[in-house]
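Residue numbers (my numbering), protein chains in the order written: chain A, 1 to 223; chain B, 224 to 446. Idealized CB from N, CA, C, for every residue including glycine. Only a predicted model underlies this, so the values are computations on that prediction, with no experimental measurement involved. Here the structure comes first, spelled out in structure tokens, and everything after it is commentary.
2 protein chains.
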Amino acid sequence: MSTEKSGKAVVDSQEDPRGRILSAAGREFAEKGFENTTIRDICTLASVNVAAVNYYFGEKHRLYIESVRHAHEERSRQFPLPVWADGTLPAEKLRGFVGNMLERMLGFDKPSWQVRLMLREVLHPTDACRELVEDYIRPHFTVLCNILDELTDGKATPAELRRIGLSICGQCFLYHSAGDVVGMLIPPNEIKEMHNPVELANHITAYCLAALGKRVPLSVEVS
Amino acid sequence: MSTEKSGKAVVDSQEDPRGRILSAAGREFAEKGFENTTIRDICTLASVNVAAVNYYFGEKHRLYIESVRHAHEERSRQFPLPVWADGTLPAEKLRGFVGNMLERMLGFDKPSWQVRLMLREVLHPTDACRELVEDYIRPHFTVLCNILDELTDGKATPAELRRIGLSICGQCFLYHSAGDVVGMLIPPNEIKEMHNPVELANHITAYCLAALGKRVPLSVEVS
DNA sequence: CACCGTTTCAAACGCTTGTTTGAATTTAAG
DNA sequence: CTTAAATTCAAACAAGCGTTTGAAACGGTG
């Protein structure tokens, strides 16, 4: 039995109060957004007094900014940019990249709070967004564009590569951010069979390869 | 000069107070979301007393549900499902459909408050979502799937058609919901040239046609 | 121990929120 | 006009919020 008093769950203890607040805040903001998260909730989760957040961070808004930064820093540290063995085919890299992105965005169970917080920031940008884009999103997006460059044998312009890259991101994005609506539009058994990172990655990759002429067209399915 | 008292703008008068509240609420909810919109703001915009919203709708949550319904009903009435002349090629229908969707989602200037409210509901579903999906989204999505069915000469299964349909929606969706981040990732001049409904519809349509083998691959651009 | 800067805490403050109230005003029918 | 229902209004209410306060508890140093 640990040291918490009430029935409420508590964030990983054995840590600095500042770190506990940052972690608790990240989880709460990821779950409920900035406005719907109360400092009292965060402090309960972190097992600290309400005044602690003002002591360490000054104000709620600053805490939010810091927790977004904390989220993508932690994420970058734990999961560095993907690399591949020298001989890997571009198509294989693409499938790997997309599968990876979908795993992060959908999770085999549920996305990590770090990813959910970052995606919330993408949907509703605040002051924390610019840094998130430069330090986390752009590097990943650049990797994707480089794969596409290889795939098209350097025949496409950077602008075209970016456009195709966005098309790929858009598809992943939909399944994350509009997942509930997708679940209403698609029959349940189809969801169960197809709606997992692996199957979706196969589809999105195939769609892209076919569009680039690196695979037979989609309407002629290969099994 | 009209009848408003303060400097605040007012929703189209010459209407039922109930209608004025519904319209004002829709605009405010679309702009700021449920939690960040205050009943007082709505009532100021509608030129009614704060008590009126409770008199007509009981509670804020009910007003929200009603205003989402109001939004998609109005939208369906003003812009019925698209239809095409008999001989129209499927590829032409697809371009028309995608262009139409992008115009609604991005707007030549800015999307209407009705669309913004609906897309907010897609991102963060509430009780109003199910009806929105069944009455508005599903009919449109079905039209898209039918076009794709024509395009593939009936060779694709319904599940495949839906998957491709979602891929198309996902791309449009990204430009709407993550527009700010896209704007940070892409060079400004590229945004200016390409980031409008017409150009994006061309790209998304071409991407799809190429993937289905109904057009030369994307990496071999046709000008 | 005595001292002092740092950290924690319960309590309260001031403000905004959704909602209610009870009286005033308008509307429509007899 | 009279009357009663429907509608509008200014004011208040209770609850929740972020933030502040001032004292208590802690921790290292001499």
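- Rounded to whole angstroms, A/P17 and A/A46 show a C-alpha spacing of 8 Å.
- The Cβ atoms of B/A424 and A/F173 lie no closer than 8 Å to each other.
- Closest option to A/L132, judged by alpha-carbon separation, among A/E59, A/G19, A/E66: A/E66.
- Annotation note: the segment 363 to 439 of chain B contains the following uninterrupted alpha helix (DSSP H) runs of length 4 or greater, listed N- to C-terminal: 381 to 400, 402 to 408, 411 to 417, 420 to 434.
- For B/P313, the secondary structure class from DSSP, reduced to helix, strand or coil, is helix.
- Residue environment analysis places A/Y64 among the buried positions, since at least 16 neighbouring C-beta atoms fall within 10 angstroms of its C-beta.
- Using a CB distance below 9 Å, the part of the segment 171 to 190 of chain A facing chain B consists of Q171, C172, F173, L174, Y175, S177, A178, D180, V181, V182, M184, L185, I186, P187, E190, ordered along the chain.
- For A/F141, the neighbours in chain B by C-beta distance under 8 Å run, in chain order, L408.
- Judged by beta-carbon spacing, A/R40 lies within the 8 Å limit of A/V50, meaning their Cβ atoms are closer than that value.
- The segment 105 to 114 of chain A and the segment 71 to 89 of chain A touch, with no fewer than 3 CB-CB distances between them shorter than 8 Å.
- Assigned with DSSP and collapsed to three states, B/D350 falls in coil, not helix or strand.
- The three-state secondary structure of B/W336, taken from DSSP, is helix.
- From the beta-carbon of A/P125, the residues of chain B found nearer than 8 Å are D403, V404.
- Per DSSP, reduced to three states, the secondary structure at A/S67 is helical.
- Counting along the chain, the unbroken alpha helix (DSSP H) around B/S246 starts and ends at 240 to 255.
- Using a Cβ-Cβ cut-off of 8 Å, B/R385 is close to L185, I186, E190 of chain A, given in chain order.
- Within the segment 280 to 310 of chain B, no residue has a Cβ lying closer than 9 Å to any Cβ of chain A.
- Contact between B/A382 and A/E199 is absent: CB atoms are separated by about 11 Å, not below the 8 Å threshold.
- By the neighbour-count criterion, in which 16 or more other beta carbons inside 10 Å mark a residue as buried, B/T261 falls on the exposed side.
- At a Cβ-Cβ threshold of 8 Å, A/I147 and A/P90 count as neighbours.
- Taking 9 Å as the upper bound on Cβ-Cβ separation, chain A lies near residues E413, E416, M417, L423, H426, I427, A429, Y430, C431, L432, A433 of the segment 413 to 433 of chain B.
- Cβ-Cβ distances below 7 Å link A/D127 to I65 in the same chain, with the five nearest sequence neighbours on each side left out; the list follows chain order.
- Per the coordinates, the alpha-carbon of B/P362 lies some 33 Å from the alpha-carbon of A/L161.
- Bounds of the alpha helix (DSSP H) holding B/I262 are 262 to 269.
- Within the same chain, and ignoring the five residues on either side of B/G256 in sequence, the residues whose Cβ sits closer than 8 Å to its Cβ are R343, H347.
- Interface residue (Cβ-Cβ distance to chain A less than 8 Å): B/A351 is not classified as such.
- Judged by DSSP in its simplified three-state form, A/E35 adopts coil rather than helix or strand.
- Put simply, the backbone Cα of A/D135 is about 20 Å away from that of A/E103.
- Listed by position along chain A, the residues whose Cβ is nearer than 9 Å to that of B/E258 are G33, E35, N36.
- Taking all protein chains shown into account, B/Y278 has fewer than 16 neighbouring C-beta atoms within 10 Å of its C-beta and is therefore exposed.
- A/R138 reaches chain B at L408, counting residues in chain order whose Cβ is nearer than 7 Å.
- Where B/Y359 is concerned, there is no enclosing alpha helix (DSSP H), because DSSP gives it neither an H nor an E.
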